[in-house]
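K.L.:
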Amino acid sequence: IREISPNTLENRFTRYNEATNLWDANVTASDNFEAGEMIAFRSPNDFNISGDSQTFESEFYGTPINGTITVPVTKNSKGYNAIGNPYASPINLSKFMAANTDVNSAFVWTHQHQFVDGAYTGSNWALFNGTGWNDPTQTSTNLDIAQGFIIEALNPGNITFDNAMRETSDGIFYKQQKDRLWLSLSNDKTKFNSLLVGYVEGSSKEYNPTFDAKPFEKAEGIYTLLNDELYSIQGRGEFKNDDAVNLSY
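Note that my numbering has the sequence shown beginning at 1178, numbered continuously upward.
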């Protein structure tokens, strides 16, 4: 695993711990990637320490995987499990979630906000569920090759990847007509975050794990309110002109 970036500090390779909701620096020099595993790592300390954003390039070696892949997930805490696309092709998130009904939502790191004075200037997590993306700048439901992401599992068990989820290109996938509204909060320097309110068949004004999703982290920003809790995505059922949505900053 460490061969992806040999000059990155050892404690900057991490796995996500579902029980503690923390990143554990437990990646050893002899560890290999498991199919469907996500590893988070930083670039070397001397890479682009100032100036404009740059792309960190690396080479990934391995035998391409084909067929069904099963990955165990736990729910000792919030059910956040870190997994990854195991194929040498993009996968479609809508198809993935349709095949794994115990998955509530998916969180993908976007690199949109810079790291300044020890903290990110907004939330980098884009959130997807049956209603759509919370961020209107995300236009595709396909995750690229080797993309890691975090899912919220409703129950412990296994999630499955299979060839039916695979795509030949990173195009936009349309499933059904959805009436959706995005709202973003920003100042003159940065956009903090976005939320999505969707009027989608099967959703309602009550909580539904397929269409409603909480933020991965409660960073500074704007959210909808449902049962006095913060949400980044909220499905509302059939659209009505007099519908009112509660917001919280």
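Ideal Cβ positions, reconstructed from N, Cα and C, are used throughout, including at glycine. Computed from a prediction, not measured in an experiment: that's the story for all the values here.
So is Glu-1394 buried or exposed if we call it buried at 16+ other beta carbons inside 10 Å?
P.N.:
The residue you call residue 1394 lines up with position 217 of the sequence shown. It counts as exposed.
K.L.:
Kindly indicate which residue of Gly-1239, Tyr-1426, Ile-1410 has the alpha-carbon position closest to the one of Thr-1308.
P.N.:
Numbered from its first residue, the sequence shown carries residue 1308 at position 131. For Thr-1308, the nearest C-alpha among the options comes from Ile-1410.
K.L.:
With 16 as the cutoff for other CB atoms within 10 Å, does Lys-1391 come out buried or exposed?
P.N.:
As a position in the sequence shown, residue 1391 is number 214, starting the count at 1. By the neighbour-count rule (16 or more Cβ atoms within 10 Å), Lys-1391 is buried.
K.L.:
Given Pro-1249, which residues of its chain have a CB within under 7 Å of its CB, disregarding the five upstream and five downstream residues?
P.N.:
As a position in the sequence shown, residue 1249 is number 72, starting the count at 1. Hits under 7 Å: Asn-1335.
K.L.:
Within 10 Å of its beta-carbon, does Asp-1365 have 16 or more other beta-carbons around it, so buried, or fewer, so exposed?
P.N.:
Against the sequence shown, residue 1365 aligns to sequence position 188. Burial call: exposed.
K.L.:
Less than 8 Å separating the beta-carbons of Glu-1214 and Thr-1251?
P.N.:
In the sequence shown, counting from the first residue as 1, residue 1214 sits at position 37. In the sequence shown, counting from the first residue as 1, residue 1251 sits at position 74. In this structure, Thr-1251 does not lie closer than 8 Å to Glu-1214 by Cβ.
K.L.:
Taking 8 Å as the limit between beta carbons, can you name the residues of its chain near Glu-1266, skipping five residues before and five after?
P.N.:
Sequence index remark: in the sequence shown, residue 1266 carries index 89 (1-based). Correcting the residue type first, residue 1266 is Ser in the shown sequence and not Glu. Correct list, in chain order: Ile-1322, Arg-1343, Glu-1344, Thr-1345.
K.L.:
Would you kindly work out how many angstroms separate the C-alpha atoms of Ser-1425 and Glu-1397, rounded to a whole number?
P.N.:
To locate residue 1425, count along the sequence shown from 1; it is residue 248. To locate residue 1397, count along the sequence shown from 1; it is residue 220. About 11 Å.
K.L.:
Suppose the cutoff is 6 Å on Cβ atoms and the five residues either side in sequence are ignored; what does the same chain contact list for Leu-1402 look like?
P.N.:
Walking along the sequence shown from the start, residue 1402 turns up at place 225. The answer, listed in chain order, is Asn-1423, Ser-1425.
K.L.:
Quick check: the Cα distance between Glu-1187 and Ile-1268, rounded to an integer number of angstroms?
P.N.:
The count along the sequence shown starts at 1 and reaches residue 1187 at position 10. The count along the sequence shown starts at 1 and reaches residue 1268 at position 91. In a straight line, the C-alpha of Glu-1187 is about 30 Å away from that of Ile-1268.
K.L.:
Counting only the same chain and skipping the five closest in sequence on each side, list residues whose C-beta sits under 7 Å from that of Asn-1198.
P.N.:
Looking up residue 1198 in the sequence shown gives position 21. Counting only Cβ-Cβ distances below 7 Å, and skipping sequence neighbours, we find Ser-1254, Lys-1255, Tyr-1257.
K.L.:
Return the Cβ separation of Trp-1286 and Trp-1302 in integer angstroms, given the expectation that the two are a contact with Cβ distance under 8 Å.
P.N.:
Here residue 1286 refers to the residue found at position 109 of the sequence shown. Here residue 1302 refers to the residue found at position 125 of the sequence shown. Between Trp-1302 and Trp-1286 the Cβ distance is about 6 Å, and since that is below 8 Å, they are a contact.
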